[in-house]
Amino acid sequence: MCIHKEAWCSFDVSLICGIVISALFLLAAGGFPSQILGLYTKDMSIINTGAVYFKIVAFSYIPMAVSNILSSWLRCKEHATIPFLASFGAVTVNTGLNYLLIFGKLGFSCMGIKGAAIATLISQLFNLVFIVIGFVLCTGKDGDKPVLSLHFKKITIRDYLVMIMPILISEFLWSLGQNVESAVYGHLGTSNLAAYTLTGPIQGLIVGALSGLSAAAGVMVGKRLGRKEYDEAYTESKKIMYAGLFGAVTVSALLILLAGVYTGLYRVDDSVKELGRTLLIVFALYAPVKVENMILGGGIIRSGGNTKIIMIIDIVGTWCIGIPLCLLAAYICKWGIVGVYTLLTTEELFRLAVSLIIFRKRKWIISLC
Numbered sequence: 519m520c521i522h523k524e525a526w527c528s529f530d531v532s533l534i535c536g537i538v539i540s541a542l543f544l545l546a547a548g549g550f551p552s553q554i555l556g557l558y559t560k561d562m563s564i565i566n567t568g569a570v571y572f573k574i575v576a577f578s579y580i581p582m583a584v585s586n587i588l589s590s591w592l593r594c595k596e597h598a599t600i601p602f603l604a605s606f607g608a609v610t611v612n613t614g615l616n617y618l619l620i621f622g623k624l625g626f627s628c629m630g631i632k633g634a635a636i637a638t639l640i641s642q643l644f645n646l647v648f649i650v651i652g653f654v655l656c657t658g659k660d661g662d663k664p665v666l667s668l669h670f671k672k673i674t675i676r677d678y679l680v681m682i683m684p685i686l687i688s689e690f691l692w693s694l695g696q697n698v699e700s701a702v703y704g705h706l707g708t709s710n711l712a713a714y715t716l717t718g719p720i721q722g723l724i725v726g727a728l729s730g731l732s733a734a735a736g737v738m739v740g741k742r743l744g745r746k747e748y749d750e751a752y753t754e755s756k757k758i759m760y761a762g763l764f765g766a767v768t769v770s771a772l773l774i775l776l777a778g779v780y781t782g783l784y785r786v787d788d789s790v791k792e793l794g795r796t797l798l799i800v801f802a803l804y805a806p807v808k809v810e811n812m813i814l815g816g817g818i819i820r821s822g823g824n825t826k827i828i829m830i831i832d833i834v835g836t837w838c839i840g841i842p843l844c845l846l847a848a849y850i851c852k853w854g855i856v857g858v859y860t861l862l863t864t865e866e867l868f869r870l871a872v873s874l875i876i877f878r879k880r881k882w883i884i885s886l887c
């Protein structure tokens, strides 16, 4: 009973924190879209168009936060099918609405970028409703009665915050670093930015698909550690890493072969297509390293509760290696998007090297119970 209440207390605190943080981003994005976008580019046409999109999409932040927390709970309770079906449905809804609203099909008005934003918001609301229904049904089926409590028995709120704060700081600084990188790309010129943006969907699709291994690693290894099955946790971790490596190498090989076909689908200048194709090849070469970092840092090592070391790796990798190299390549060496992106992504090698050392020393293998 105590463990049951502890779990729900963790859920309640996480849900409240998620809603508060996403609400702050909603206020910032909804209230100052042009000012925020102005940090990334000086092209007023892009800023004005982006502001329209930003104001609408900002309302999806809270549904997204709630969906992610509910999905994490369902995965931990071995109901991973619900988040999968919800995500698949949301992508389908988003794709269909994009077609209808952007181009004005089946009687809908041609709304362009505004239609894309509305499609994103509706798909996130669909995702939330689907997951909430699944959450209610699964908790009822398991006989798992929700407990509203912010008071832990075995640990204090302070202990809980000490454990999760490194994750929040790490994710915030990593996201801030991504924004700095995007700002640098934006100042390289419209063609360079267009080439990078062109590769975004396929990069997001591949990383999103393989990041499921990171979530699986966190749940599977975390359960082993909770039962104090340390050798099994280590063995299972290696299996997940090998699976991730195999998947990433396979997808990377296909991407290298089909990069030109993908960029050819877009109606842009040939120079932009060629830049996009080259960026995809660079991404494909680094993808196995990136995926292993997600599995190790985002799943395996973090499942043992040693969140501080992950925070240090992320901060050093992003702010002491990645960002300086990005600025060096863009503003000192005056390189184009391909050179900047290639040099910047080398920080993934640092993350992998340090994470592997920590993994092999097994110092992350502890039980939080």
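Take the sequence shown: its letter number 95 is residue 613 in the working numbering, and every next letter is one higher.
Using N, Cα and C, we set each Cβ at its ideal position, and we do this for glycine too.
Keep in mind it's a predicted model, so treat the numbers as computed, not measured.
Exercise for review: Name the residue from G622, T860, I818 whose alpha carbon lies nearest to the alpha carbon of R880.
Suggested key: Among G622, T860, I818, the Cα nearest to that of R880 belongs to I818.
Review point. Which word fits L862, buried or exposed, when buried means at least 16 other C-beta atoms lie within 10 angstroms of its C-beta?
Key: buried
Review point. Do L544 and I587 come within 8 Å of each other at the CB atom, strictly closer than that value?
Key: no
**Study point:** First and last residue of the uninterrupted alpha helix (DSSP H) at K852
**Key:** Taken as a continuous stretch (DSSP letters only), K852 belongs to no alpha helix (DSSP H), as it is neither H nor E.
Review point. What's the C-alpha gap between L843 and F626?
Key: Approximately 47 Å between the Cα atoms of the pair.
Review point. Is it a yes or a no for the segment 607–615 touching the segment 641–656, going by three-plus beta-carbon pairs under 8 Å?
Key: yes
Review point. Using the beta-carbon count (16 or more within 10 Å), is E596 buried or exposed?
Key: exposed
Exercise for review: Go ahead and pull the three-state DSSP assignment for S783.
Suggested key: Checking the displayed sequence, the identity of residue 783 turns out to be Leu instead of Ser. Reduced to three states, the DSSP call for L783 is coil.
Check your understanding: From T717 to K791, what distance separates their C-alpha atoms?
Key -> 10 Å
Point to revise | 4 or more residues per run - each alpha helix (DSSP H) lying fully within the segment 736–820 | key: 748–781, 788–813
Practice item. Report yes or no: do three or more beta-carbon pairs, one from the segment 775–784 and one from the segment 829–846, lie closer than 8 Å? Key: The segment 775–784 and the segment 829–846 do not touch, with fewer than 3 CB-CB distances between them shorter than 8 Å.
Check your understanding: From I574, A805, V702, K852, pick the residue whose C-alpha is nearest to that of G762; which is it?
Key -> Checked all of I574, A805, V702, K852; the closest Cα to G762 is A805.
Check your understanding: Measuring CB to CB, does L694 end up less than 8 Å from I883?
Key -> no
Review point. Assuming A848 and L711 make a contact with CB atoms under 8 Å, what is their CB distance in whole Å?
Key: With a Cβ gap of about 12 Å, A848 and L711 do not count as contacting.
Practice item. May I ask which residues mark the beginning and end of the alpha helix (DSSP H) holding R878? Key: 865–879
Check your understanding: Given G840, which residues of its chain have a CB within under 6 Å of its CB, disregarding the five upstream and five downstream residues?
Key -> Non-local C-beta neighbours of G840 in its own chain, meaning closer than 6 Å and more than five positions away in sequence, comprise L862, E865, ordered along the chain.
Check your understanding: For D662, which of helix, strand or coil comes out of DSSP?
Key -> coil
Practice item. Identify whether I883 lies in helix, strand or coil by the three-state DSSP scheme. Key: Three-state DSSP puts I883 in coil, outside helix and strand.
Review point. Among residues of its own chain, excluding the 5 on either side of F877, which ones have a beta-carbon nearer than 8 Å to its beta-carbon?
Key: S755, L814, I818, I819
Exercise for review: Flag this pair as yes or no: are the beta carbons of I855 and Y703 separated by less than 8 Å?
Suggested key: yes
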